Amino acid sequence: MTSKSSRDDGRLKIAIQKSGRLSEKSFALLERAGISLQKSKDQLLCRAHNFPLDIFLVRDDDIPAFLVNDVCQLGIMGQNSLLESQQLDPDTFGGLQQVMPLGFGRCRLSIAVPNDMEYTGPDSLNGRTIATSYRGLLAKYLAEYKVDANIVTMEGAVEVAPRTHLADAICDLVSTGNTLISNGLSEQETILKSQAVIIKNNVMRSDIDSLSEKILARIKAVLSAENSRYIMLNCPTEALDDIKAILPGSQSPTVLPLQGRDDMVAVHAVCDEAVFWTTMEDLKARGASSILVVPIEKMLD
Ligand code: PRP
Ligand code: ZN
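Numbering of the sequence shown is given in the numbering used here, commencing with residue 2 and proceeding in unit increments.
Here it is in structure tokens:
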């Protein structure tokens, strides 16, 4: 008797971070894309009950391997971890594509040194020892700048390495910068800027690929709705060109007549950039009135 393997059950599999900085936001994004998820007890697998989709909850660093082995077809992870995997093992992971930056989980990979260490540039690292969890990316940076330094690989708690004399400097992720400050370290070089991205395997079965395209289109729609506002205002007909010119990021607004007013029109537009108070004040100064700015819940181009 043969049973259908879980790989061939016709469901799309997405790997996301089990716990950590990206986990909650990855879940929230899928939920905003209309995926309703049921967490299983062991929390390794979550089934969506309104879409042929399963979510695998794994360690960030393991996500690339889940994709290349076709256990999952999409992943949400930090660019930093993806690029590190690709740097260490280009043959295995080089084919993974970044399909969409997600605008959260922003951080940078930086070199930091103790506050009392003299630092004048990458040359100051010559002959020094640097602790990091990003050996691949650090080695690439050091080679680019022709710095001859030793790398000590650590899985975590990299920031304590200088205090314990394990290393002279560190190369680690920085988000708020609080970890560096509380460990007496100062950030000197940023070697990479990172955020969460969706990654995709370069080969996919066609039925799964069409599910994947559908989810990606929904996520794109969620992201563009988040960054967009619907703006409504009234203005004198003669001020229309002026008003249109300063509507932020709007292509072709709808212009509607106002009943009983020959001299005034209503303008409705989707703005794909932030609408600041100063923009509203500028609109008002050019004759706009009754200005309304409302969030957009969903938007499908
Ligand atoms: C990361 C990084 C720093 C800290 C930086 O560690 O390794 O320790 O966050 O963040 P901050 O600039 O906002 O202080 P994380 O908390 O992800 O844990 P880990 O090092 O154990 O993986
Ligand atoms: Zn850390």
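Idealized CB from N, CA, C, for every residue including glycine.
The structure presented is a predicted model; accordingly, all values stated were derived computationally and were not measured.
Is residue j closer than 7 angstroms to residue i when the C-beta atoms are compared?
i      : j      : result
Pro249 : Val271 : no
Ile64  : Ala49  : no
Leu13  : Leu54  : yes
Leu23  : Gly76  : no
Asn116 : Ser187 : yes
Ile200 : Gln99  : yes
Ser176 : Cys108 : yes
Ser251 : Met300 : no
Out of the options, point me to the one whose CA is closest to residue i's CA.
i      : options                        : result
Ile297 : Ser82, Arg33, Asn202           : Arg33
Ser195 : Ala226, Gly104, Val266         : Gly104
Pro123 : Ala168, Leu167, His269, Leu139 : Leu139
Glu156 : Asp208, Arg230, Asp71, Asp61   : Asp61
Phe52  : Gln39, Gln44, Val59, Leu45     : Gln39
Ile171 : Gly178, Asn179, Ile152         : Ile152
Asp291 : Leu143, Leu259, Leu301         : According to the sequence provided, residue 291 is Ser. The question's Asp does not apply to it. Out of Leu143, Leu259, Leu301, Leu259 has the C-alpha closest to the C-alpha of Ser291.
Ile192 : Met101, Gly288, Leu143, Asp263 : Leu143
Lys26  : Thr165, Glu190, Asn179, Val223 : Val223
Using three-state DSSP, classify residue i as helix, strand or coil.
i      : result
Met281 : helix
Asn203 : coil
Val266 : strand
Thr121 : coil
Ile131 : strand
Glu188 : strand
Ile56  : strand
Gln98  : strand
Leu138 : helix
Pro115 : strand
Val295 : strand
Leu234 : strand
Thr154 : strand
Asp173 : strand
Ile209 : helix
Ser4   : Unreliable placement is indicated for Ser4, whose pLDDT of 42 sits below 50; the coordinate value is still reported in the next sentence. In the structure shown, Ser4 sits in coil (DSSP, three-state: anything other than H, G, I, E or B).
Leu13  : strand
Pro91  : helix
Could you give the C-beta distance for residue i and residue j, rounded to a whole number, given that I count them as a contact under 8 angstroms?
i      : j      : result
Met265 : Cys236 : 7 angstroms
Thr1   : Arg136 : What the structure shows of the chain is the stretch from 2 to 302, and residue 1 is not part of that stretch, so it cannot be assessed.
Leu46  : Asn202 : Leu46 to Asn202, Cβ: 19 angstroms. No contact.
Check whether the Cβ of residue i lies closer than 6 angstroms to any heavy atom of ligand 1, and answer yes or no.
i      : result
Val175 : yes
Gly137 : no
Thr180 : yes
Gly157 : yes
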